[in-house]
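Novice: Basically UniProt numbering = 1-based index in the sequence shown + 5.
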Amino acid sequence: FPEDSANPASEAAQVLHRVFGYDTFRGEQQEIIDTVVAGGDALVLMPTGGGKSLCYQIPALVRSGVGVVISPLIALMQDQVDALTALGVRAGFLNSTQDYEQRREVEQAFLSGELDLLYLAPERLRVEATTRLLDQGKISLFAIDEAHCVSQWGHDFRPDYLMLSELHERWPDVPRIALTATATEATHREIATRLNLTEAKHFVASFDRPNIQYRIVSKDSPQRQLLDLLRTEHAGDAGIVYCLSRNSVEKTATFLTQNGIEAVPYHAGLDSRIRAKNQSRFLREDGLVVVATIAFGMGIDKPDVRFVAHLDLPKSVEGYYQETGRAGRDGLPSTAWLAYGLQDVVQQRKMIDTSEGDAAHRRRLGTHLDAMLALCETVQCRRTQLLAYFGQSGEVCGNCDTCMTPPESWDGTIPAQKLLSTVYRLQHERNQKFGAGQVIDILLGKTTEKVKQFRHEDLTVFGIGTELKDTEWRGVIRQLLAQRLLTVEGDYGTLLLTDDSTEVLSRRREVMMRREPERVGRSSRSSS
Ligand code: ADP
Ligand code: ZN
C-alpha cells in the first residue's frame, strides 16, 4: 500500500486516546487500523469482545470522507449511533425503520460531509437511490460487519450480503474491511471469495475465550437443572438462557420468575415494543436474565453477562460459539452451560428433514449438527475441540467440564452391537423402523402394549440389554449418533443404521463411550 505521509499510526493512536479514551491498542488492532488507513483491504476474524469496532471506526475518523458500515443489526443501529454521538463522533444510519424525513436528514448530512460514519442495512444497497447517494458523497471505507452472513455454508446466511461483492466493482478505490466473530476455515475462505477480498490482509485472532468455562450436561429436567445452576453459582447475575422455541422461552421465563429469579422473555413473536423494552432492560439493569430464542444477542454489547445457558442443542458449533461468546466480554469468569439430550437430536433431525432447500442444503445442516454432537460427546477438553473446529490449536484448558471432571471412557462395543443389531433386526427381519423408546424397551425386555402389538418379544434381541438402565441406553444412542454409527430421521425419530454401523456389527470396530459424570462441574467447584 502507498505510505501515508501523515503517519497513520500516530494519528490513529491519538484518536484512540482522544475520542475513545483508551491508552493502547489491543491485539492486532493497530496493524488492522494501519492497513485500512493506508487504503488496504482487511479481513478480520476476532472473537466477540475482541474490539472489532475500533478497527473500522478509527480509520473512518483518520481518513477523509465517510466510513460506510454495512450491518444486519438494524435493531442496534440507533444504540450504536447514540454511543458514537456521545463520544463526539458524527454518525447516522439508514434502514427500513426510518420514515422519509429521517432518511432525508441523514442523506443530507452524508452529502455535505457532516458524517464520520454511516451505518447501512445491507438491503439498502438493493435500492438504486442508495447507490446513487453513495456515488455523490465521499466514502473513506466500507466496513462489512458480521461478514460470515455472506457464507451459505455458515449458520447465518443473509442473501443481501451476496450483493456486497459489487462494492469493489463500483468503488474500486475505497478500502474494505470485513469483520466477523465466527468463522471456520471454510467460512473464512468463502468470505474472502464472495466479497472479492483477493488482495486483503487477513488478521485471525485466537478464538479462545479463556474466562469462559464450557460445560455440557445431559438433560433430564432442564428447568430444574437451570434453576440449580443459577441458584448455586449465578445468584443475582445477568445472563442469557437460550431456548429453541418461543413457547419454551415463555415457559422458562415464567418458571424462573416464579422461582424468584427476575427473567424476561425475548423472541420474534413478541410485540416489537416489548422486545425493545426487554432488551434495553437487560442492557441497563443489573442481574436480569433474558430467556430468548437465538433472535436475541447479535451485536449486544453487555460486558458483564456472567452466564449463557442453552436449554436446547444449538444447530451448529458456530452458533454455539457465537452465543456462548456473549458471556464474559469483560474478561471475568463466566459460564457457558448447555443441557442436551437425545430428544434434541431427534427434534433437530426432524427439522432438517422438513427444512426448505435442496438436498445439499439439508446435508450441510446435518454436518453442522454432527459436529455439534461430537462436541457434546467428546471425552476430551471442550475448548481444544472447539478451537480445533475453527482450525486453531490450543492447550488442554483446565477450565471446562471435561478437564475439571474427566469423564471416564468405557468400552461400549458390546452395548453398541446389541443396540445396532436390534435396529438391524427390526429393519431387516420385520421391515420396521422405530424410535429410541421402543428399541430400548426391546433391549430391556419390557412387555409393553406396543411390544405386544408388534410381537417384539419374539425377536432374538428381546431382553438382551438388561445390564444398562434406560438412561444409560439413551446415552449409548446419543454417542452412536455423535459417532455417526447410527442416524435418526422423521417425525418419530426413527433410528437407522449408517454405512459405518456394519463395522461395529461385524466386530471390526470398537466403540469407546463416555460415562456421564454424576454432576458435571458443580461438584468439583463446591469441593474446591
Ligand atoms: P467486538 O465488536 O469485537 O465484539 P467491541 O468492538 O464491541 O468488540 O469491543 C469490546 C469492548 O472492548 C468494548 O467495550 C470496547 O470499547 C472495548 N475496547 C476495544 N478496544 C479497546 C482498547 N484498545 N482498549 C480498551 N478497550 C477496548
Ligand atoms: Zn478443557
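All residues carry an ideal CB built from backbone N, CA and C; glycine is no exception.
Remember, it's a predicted structure, so these values are computed and weren't measured experimentally.
Do A268 and V296 have their C-beta atoms closer together than 8 Å?
Specialist: Here residue 268 is taken as the residue at index 263 of the sequence shown, counted from 1. Here residue 296 is taken as the residue at index 291 of the sequence shown, counted from 1. Yes, the Cβ-Cβ distance between A268 and V296 is below 8 Å.
Novice: Would you mind working out which of L50, S277, C381 and A273 sits nearest L318, comparing C-alpha positions?
Specialist: For the purposes of this step, residue 318 is taken as the residue at position 313 of the sequence shown. Of the candidates L50, S277, C381 and A273, the one whose C-alpha sits nearest the C-alpha of L318 is C381.
Novice: Taking the C-alpha atoms as reference points, what is the distance between I37 and I445?
Specialist: Reading the sequence shown from its first residue, position 32 is the one you call residue 37. Reading the sequence shown from its first residue, position 440 is the one you call residue 445. Using only the alpha carbons, I get a separation of about 56 Å.
Novice: Taking Cβ positions, are G244 and R311 nearer each other than 8 Å?
Specialist: What you label residue 244 is simply residue 239 of the sequence shown in a count that begins at 1. What you label residue 311 is simply residue 306 of the sequence shown in a count that begins at 1. For G244 and R311, yes; Cβs fall inside 8 Å.
Novice: In this structure, how does DSSP classify C248 when only helix, strand and coil are distinguished?
Specialist: As a first step, residue 248 must be located in the sequence shown, where it is residue number 243. Note: C248 maps to coil in three-state DSSP.
Novice: Tell me which residues share the same chain as W176 and place their Cβ nearer than 7 Å to its Cβ, disregarding the 5 neighbours each side in the sequence.
Specialist: One-based indexing of the sequence shown puts residue 176 at position 171. Hits under 7 Å: I144.
Novice: Under a three-way DSSP split, which group does W415 fall into?
Specialist: Counted from its first residue, the sequence shown places residue 415 at position 410. Of the three classes helix, strand and coil, the one that applies to W415 here is strand, per DSSP.
Novice: What did DSSP end up calling G97 once you bin it into helix, strand or coil?
Specialist: Position 92 of the sequence shown, counted from the first residue, corresponds to residue 97. Strand.
Novice: May I ask you to check if the CB of A186 is nearer than 7 Å to at least one heavy atom of the ligand ADP?
Specialist: The count along the sequence shown starts at 1 and reaches residue 186 at position 181. Flag set: Cβ of A186 near the ligand ADP.
Novice: On the CB-based measure, 16 or more other CB atoms within 10 Å of its CB, does W415 come out buried or exposed?
Specialist: Here residue 415 corresponds to residue number 410 of the sequence shown, with the count starting at 1. W415 should be labelled exposed.
Novice: If we call anything under 8 Å between Cβ atoms a contact, is L146 one with R181?
Specialist: The residue you call residue 146 lines up with position 141 of the sequence shown. The residue you call residue 181 lines up with position 176 of the sequence shown. In contact: L146 and R181 (Cβ atoms closer than 8 Å).
Novice: What three-state label does DSSP hand R229 in the structure shown?
Specialist: Walking along the sequence shown from the start, residue 229 turns up at place 224. The answer is helix: DSSP assigns R229 an H, G or I state.
Novice: Measure the CB-CB distance between M518 and V481 and report whether it falls below 8 Å.
Specialist: Taking the sequence shown and counting its residues from 1, one reaches residue 518 at position 513. Taking the sequence shown and counting its residues from 1, one reaches residue 481 at position 476. Yes; because the gap between Cβ atoms is below 8 Å, this pair is in contact.
Novice: Please check the pair G292 and D242, which I expect to be a contact at CB under 8 Å, by giving their CB distance rounded to whole angstroms.
Specialist: As a working mapping, residue 292 is identified with position 287 in the sequence shown. As a working mapping, residue 242 is identified with position 237 in the sequence shown. Contact flag correct, Cβ pair sits at about 6 Å.
Novice: Any contact between the stretch 271-283 and the stretch 335-353? By contact I mean 3 or more CB pairs, one from each, below 8 Å.
Specialist: No, the stretch 271-283 does not touch the stretch 335-353.
Novice: Cβ of V350 within 8 Å of Cβ of L500?
Specialist: Counted from its first residue, the sequence shown places residue 350 at position 345. Counted from its first residue, the sequence shown places residue 500 at position 495. Cβ distance not < 8 Å, so V350 and L500 don't count as in contact.
Novice: Indicate the three-state DSSP secondary structure (helix, strand or coil) for T185 in the structure shown.
Specialist: As a first step, residue 185 must be located in the sequence shown, where it is residue number 180. Three-state result, T185: strand.
Novice: Would you mind giving the Cβ-Cβ distance between V246 and T257, rounded to the nearest angstrom? I have them listed as a contact below 8 Å.
Specialist: As a working mapping, residue 246 is identified with position 241 in the sequence shown. As a working mapping, residue 257 is identified with position 252 in the sequence shown. That pair is a contact at about 6 Å.
Novice: For A148 and A240, I'd like the C-alpha separation in whole angstroms.
Specialist: Along the sequence shown, one-based indexing puts residue 148 at 143. Along the sequence shown, one-based indexing puts residue 240 at 235. Computed Cα separation, rounded: 39 Å.
Novice: What would DSSP say about Y61, mapped onto helix, strand or coil?
Specialist: Numbered from its first residue, the sequence shown carries residue 61 at position 56. Three-state result, Y61: helix.
Novice: Using only alpha-carbon positions, find the residue among A126, S321 and I63 that is nearest to H22.
Specialist: Counting from one through the sequence shown, the residue named residue 22 turns up at place 17. The shortest C-alpha separation from H22 is found at I63.
Novice: G70 to W158, Cα distance in whole Å?
Specialist: Numbered from 1 along the sequence shown, position 65 holds the residue referred to as residue 70. Numbered from 1 along the sequence shown, position 153 holds the residue referred to as residue 158. Cα-Cα distance, rounded: 35 Å.
Novice: If G442 and K355 are in contact, beta carbons under 8 Å, what's the gap, nearest whole angstrom?
Specialist: Numbered from its first residue, the sequence shown carries residue 442 at position 437. Numbered from its first residue, the sequence shown carries residue 355 at position 350. Going by Cβ atoms, the distance from G442 to K355 rounds to 15 Å, so no, they are not a contact pair.
Novice: What does the shell around the ligand ZN hold, if a residue joins when its beta-carbon is under 5 Å from any heavy atom?
Specialist: Result (chain order): C386, R388, C402, C405 and C408.
Novice: List the endpoints of the continuous alpha helix (DSSP H) containing Q352.
Specialist: Position 347 of the sequence shown, counted from the first residue, corresponds to residue 352. Taken as a continuous stretch (DSSP letters only), the alpha helix (DSSP H) holding Q352 covers L347 to D358.
Novice: Quick one, which of R199, A205 and L167 has its alpha-carbon nearest V49's?
Specialist: By one-based count along the sequence shown, residue 49 stands at place 44. Closest option to V49, Cα to Cα, is A205.
Novice: Specify the secondary structure class of E238 as computed by DSSP and reduced to three states.
Specialist: Against the sequence shown, residue 238 aligns to sequence position 233. E238: helix per DSSP, three-state reduction.
Novice: Is F208 a contact residue of the ligand ADP, with contact defined as CB to any heavy atom under 7 Å?
Specialist: For this step, residue 208 is matched to residue 203 along the sequence shown. Incorrect: F208 has no Cβ contact closer than 7 Å to the ligand ADP.
Novice: Tell me whether the beta-carbon of Q85 lies closer than 8 Å to the beta-carbon of Y124.
Specialist: Sequence index remark: in the sequence shown, residue 85 carries index 80 (1-based). Sequence index remark: in the sequence shown, residue 124 carries index 119 (1-based). Going by C-beta atoms, Q85 is nearer than 8 Å to Y124.
Novice: Answer yes or no: the CB of M51 versus the heavy atoms of the ligand ADP, is any distance below 7 Å?
Specialist: For this step, residue 51 is matched to residue 46 along the sequence shown. Yes.
Novice: Name the residue from S426, D375 and M303 whose alpha carbon lies nearest to the alpha carbon of I469.
Specialist: Counting from one through the sequence shown, the residue named residue 469 turns up at place 464. Comparing Cα-Cα distances from I469 to each of S426, D375 and M303, the minimum goes to S426.
Novice: Give a single yes or no on whether Y27 has its beta carbon closer than 7 Å to a heavy atom of the ligand ADP.
Specialist: Against the sequence shown, residue 27 aligns to sequence position 22. Yes, the beta carbon of Y27 sits closer than 7 Å to at least one heavy atom of the ligand ADP.
Novice: Check whether the stretch 150-166 touches the stretch 100-118, taking contact to mean three or more Cβ pairs, one atom from each stretch, closer than 8 Å.
Specialist: Not touching, per the Cβ criterion.
Novice: If we count the other Cβ atoms within 10 Å of its Cβ and call it buried at 16 or more, is H373 buried or exposed?
Specialist: Along the sequence shown, one-based indexing puts residue 373 at 368. Per the 10 Å Cβ criterion, buried.
Novice: Compute every distance between the C-beta of L81 and the non-hydrogen atoms of the ligand ADP, then say whether any falls below 7 Å.
Specialist: For the purposes of this step, residue 81 is taken as the residue at position 76 of the sequence shown. False, no ligand heavy atom lies under 7 Å from that Cβ.
Novice: Less than 8 Å between the C-beta atoms of I196 and D406, yes or no?
Specialist: Stepping through the sequence shown from its first residue, residue 196 is reached at position 191. Stepping through the sequence shown from its first residue, residue 406 is reached at position 401. Their beta carbons are not under 8 Å apart, which means I196 does not touch D406 by this criterion.
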